[in-house]
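Below is one structure, written out as structure tokens, with a few remarks after it.
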Amino acid sequence: GRSGDDPLNSQESREDSSNLGTSSNTQSQAQVIPDEAGNLRIIVRKTKPLLGIAIEGGANTRHPLPRIININENGAAYDAGGLQVGQLILEVDGHKVEGMHHQEVARLIAESFAQRDKPHIEFLVVEAKKSNLEPKPTALIFLEA
Numbered sequence: 001g002r003s004g005d006d007p008l009n010s011q012e013s014r015e016d017s018s019n020l021g022t023s024s025n026t027q028s029q030a031q032v033i034p035d036e037a038g039n040l041r042i043i044v045r046k047t048k049p050l051l052g053i054a055i056e057g058g059a060n061t062r063h064p065l066p067r068i069i070n071i072n073e074n075g076a077a078y079d080a081g082g083l084q085v086g087q088l089i090l091e092v093d094g095h096k097v098e099g100m101h102h103q104e105v106a107r108l109i110a111e112s113f114a115q116r117d118k119p120h121i122e123f124l125v126v127e128a129k130k131s132n133l134e135p136k137p138t139a140l141i142f143l144e145a
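For the sequence shown, the residue numbers in full-length UniProt numbering are 1 to 145.
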């Protein structure tokens with residue numbers, strides 16, 4: 001009965017090699033489309049059950065725009081490769097997040113990612129400029145006023 005096993009084994013190894021081929025392609029899953037304002041439109045395919053980003057900020061915090069603070073390497077965002085820690089999120093699937101509270105932004109992202117009728121989730125982000133992280137005296141006066 002040993003000769004009967006051979007075709008199965010060779011078939012399995014062929015499938016393994018094709019799987020490797022697809023997983024190396026996942027590095028280029030994200031489409032990053034810069035616009036004239038310097039923002040980046042990033043399309044993340046839902047390749048994983050988890051999006052895998054953590055955000056901080058929101059309208060009810062010191063950071064009015066949500067900022068990506070962590071990207072889980074088991075998630076679709078890491079797979080796609082377009083989103084980076086430190087980017088500020090402007091829109092999720094076309095919804096502006098400006099003025100939304102932290103929890104609302106988190107829910108919007110989760111619900112957009114959970115929608116099965118779309119194969120991807122789209123973010124509009126802007127690279128956080130280092131200078132914006134430094135508190136400027138004018139900004140502090142503006143906040144207190």
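C-beta atoms are modelled at their ideal positions from N, C-alpha and C, and glycine is treated no differently.
Computed from a predicted structure; not experimentally measured.
Have a look at residue i and residue j and give me their C-alpha separation to the nearest angstrom.
| i | j | result |
| --- | --- | --- |
| I91 | G99 | In the sequence under discussion, the amino acid at residue 91 is Glu, which differs from the Ile named in the question. Roughly 11 Å between the two C-alpha positions. |
| I33 | V125 | 10 Å |
| L108 | D93 | 9 Å |
| I55 | L83 | 12 Å |
| A114 | K46 | 9 Å |
| D117 | D35 | 26 Å |
| K96 | A106 | 13 Å |
| P49 | E73 | 12 Å |
| E104 | Y78 | 23 Å |
| E122 | S112 | 9 Å |
Need the endpoints of the alpha helix (DSSP H) that residue i sits in, please.
| i | result |
| --- | --- |
| R107 | 102 to 114 |
Hey, residue i and residue j: beta-carbon distance below 7 Å or not?
| i | j | result |
| --- | --- | --- |
| L51 | G75 | yes |
| I71 | H120 | no |
| I89 | P66 | yes |
| H101 | A59 | yes |
| A80 | A30 | yes |
I'd like the span of the beta strand (DSSP E) that includes residue i, first residue to last.
| i | result |
| --- | --- |
| A54 | 53 to 56 |
| P49 | No beta strand (DSSP E) holds P49; DSSP gives it neither H nor E. |
| E122 | 120 to 126 |
What does the Cβ neighbour count give for residue i, buried or exposed, with the cut at 16 atoms within 10 Å?
| i | result |
| --- | --- |
| V85 | exposed |
| I68 | buried |
| Q87 | buried |
| A110 | exposed |
Relative to the ligand FAD, is the shortest distance from any of its heavy atoms to the C-beta of residue i smaller than 6 Å?
| i | result |
| --- | --- |
| Q84 | Ligands displayed in this structure: none; no statement on the ligand FAD is therefore possible. |
Q) Fully enclosed by the region 62 to 97, which beta strand (DSSP E) runs are 3 residues long or longer? A) 67 to 71, 88 to 92
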